[in-house]
Amino acid sequence: MATAVKHYFATEYNIALPESAITCIPLEGEGKIEDRVHRLYSNLVENSVWLDAVSSADVILWATHSQGTPVSVMLLQRLLERGHIHVHRQSVCLLAMAGIVRRYFEADAARELFEFMDTNSHISQKFRQAQAFILRCGIKMVLVGSMQDQVVPLYSAILSGTTHPNILRSVYIDGHIYSEDDFVIHLVTFALKLRNAGLSDHGLLIYVSEVLAGNLYALEGGHSTIYEELEVYTTALRYLFETQPFGKLLSETEPGSETEAILDPLLAKVQLNPFYLPWAMRGICDDVRIKNDPRLCQELADLCSLLKRWNPTSAKMREIKFRLEPLQTSV
Numbered sequence: 017m018a019t020a021v022k023h024y025f026a027t028e029y030n031i032a033l034p035e036s037a038i039t040c041i042p043l044e045g046e047g048k049i050e051d052r053v054h055r056l057y058s059n060l061v062e063n064s065v066w067l068d069a070v071s072s073a074d075v076i077l078w079a080t081h082s083q084g085t086p087v088s089v090m091l092l093q094r095l096l097e098r099g100h101i102h103v104h105r106q107s108v109c110l111l112a113m114a115g116i117v118r119r120y121f122e123a124d125a126a127r128e129l130f131e132f133m134d135t136n137s138h139i140s141q142k143f144r145q146a147q148a149f150i151l152r153c154g155i156k157m158v159l160v161g162s163m164q165d166q167v168v169p170l171y172s173a174i175l176s177g178t179t180h181p182n183i184l185r186s187v188y189i190d191g192h193i194y195s196e197d198d199f200v201i202h203l204v205t206f207a208l209k210l211r212n213a214g215l216s217d218h219g220l221l222i223y224v225s226e227v228l229a230g231n232l233y234a235l236e237g238g239h240s241t242i243y244e245e246l247e248v249y250t251t252a253l254r255y256l257f258e259t260q261p262f263g264k265l266l267s268e269t270e271p272g273s274e275t276e277a278i279l280d281p282l283l284a285k286v287q288l289n290p291f292y293l294p295w296a297m298r299g300i301c302d303d304v305r306i307k308n309d310p311r312l313c314q315e316l317a318d319l320c321s322l323l324k325r326w327n328p329t330s331a332k333m334r335e336i337k338f339r340l341e342p343l344q345t346s347v
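Numbers in the working numbering are just positions in the sequence shown, counted from 1, shifted up by 16.
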């Protein structure tokens, strides 16, 4: 994150930030989520240099990955509640990369992570409360998922069940798998644009996530390469500094503190019906708000045109095209 900050200010404003302008606070720890929150909070408040940096900073940029996402959200809530962070004079942005907050693909010893599959479990409720709290306080969140992730589904990484104007969603695509005429890539990015504009994707990202699970495009990349990409961090910096109150850009949805987050329940243990995918796409095609937006309407028409020209080679991709074929004449 520090490298991204220096690079951003150097390239955008020709400002060379001195080392003294940035304080890096590496918080690391293993164990169950609430134990980690307690341990990391203790480590932070017991370090006077770190605690003073947090309390006196003009801007707090928080980066987290994978299992660290629920830990970070709950730790941030504690720091806000106990007066260590002051949102009336500080700007805070949380960047969460490939966050595990829903389903976990690999059945390893991290049993607690599976409790996030049920929104009624104790840890899931705690996390939802923490989400609602930090968003109500005006914290900006940038949620980045990976196009191919061996561990975390896309809908988990982007918190598909949470709606709030302070959330920006994005997807990381490994360079070696990117193609300009890849229909699924365009489908995912279009659905993310809808969510960022405050519109519904009609559940599309949830059902597409099931198809994207694992090594769909290549054997490497995804979950562990997302945090190595400088542009991922730059996305968070742009969202914080180039939208109000710092920048002139307006978010697609009007941001603001004290806005309540909408948290949809999700029982991820229930197997998803793959044939809901065309119905989700049909909902998008028939959405009046999308039809009335010239830019989105044109992008949707381009997407349907791309579907007609798309010739997938893998079985998973061919199955997607087969399910969506009736929609080729919808727009």
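Quick reminder that beta carbons are idealized off the backbone N, C-alpha and C, glycines included.
- Bridge partners of residue 79 according to DSSP: 111.
- Between residue 253 and residue 301, the C-beta spacing is not below 8 Å.
- Under the criterion of beta carbons closer than 8 Å, residue 250 and residue 24 qualify as touching, at roughly 6 Å.
- For the options 205, 159, 176, the alpha carbon positioned closest to that of residue 185 is the one of 159.
- Secondary structure of residue 188 (DSSP, three-state): strand.
- The C-beta distance from residue 152 to residue 276 rounds to 6 Å, short enough to fall under 8 Å.
- The Cβ atoms of residue 78 and residue 109 lie closer than 8 Å to each other.
- According to the DSSP assignment, residue 158 belongs to the beta strand (DSSP E) that extends over 156 to 162.
- Each residue's CA atom was taken as its position, placing residue 314 and residue 307 some 9 Å apart.
- Within the same chain, 49, 50, 53, 142, 143, 146 come within 8 Å of residue 90 by CB-CB distance, once the 5 residues on both sides are set aside.
- Excluding its 5 nearest sequence neighbours in each direction, residue 94 has C-beta neighbours in its own chain below 6 Å: 57, listed in chain order.
- Beyond the five residues adjoining it in sequence on each side, residue 71 comes within less than 6 Å, by CB distance, of 100 in the same chain, given in chain order.
- When DSSP states are grouped into helix, strand and coil, residue 242 belongs to the helix group.
- Cβ-Cβ separation between residue 116 and residue 83: approximately 5 Å, consistent with a contact (criterion under 8 Å).
- Taking C-beta atoms as the reference points, residue 113 and residue 248 count as a pair closer than 8 Å.
- Separation of residue 61 and residue 36 (C-alpha to C-alpha, rounded to the nearest whole angstrom) is 21 Å.
- About 5 Å separates the Cβ atoms of residue 162 and residue 188, confirming a contact at the 8 Å cut-off.
- Residue 239 holds the alpha-carbon nearest to the alpha-carbon of residue 169 among 55, 239, 258.
- Residue pairing for residue 179: DSSP places it in a beta bridge opposite 278.
- Distance check between residue 210 and each of 183, 194, 195 places 183 closest, using alpha-carbon atoms only.
- For residue 297, the CB contacts under 7 Å within the same chain, skipping 5 residues up- and downstream, are 220, 340, 343 in chain order.
- Rounded to whole angstroms, the separation of the alpha carbons of residue 216 and residue 80 is 26 Å.
- A residue is called buried when at least 16 other Cβ atoms come within 10 angstroms of its Cβ; residue 165 meets this threshold and is buried.
- Linking residue 190 to residue 73 through their CA atoms gives a straight-line distance of about 34 Å.
- In this chain, the alpha helix (DSSP H) harbouring residue 301 covers 293 to 301.
- Under the three-state reduction of DSSP, residue 39 is assigned to coil, being neither helix nor strand.
- In this structure residue 218 does not touch residue 322 by the C-beta definition: roughly 19 Å separates them, more than the 8 Å allowed.
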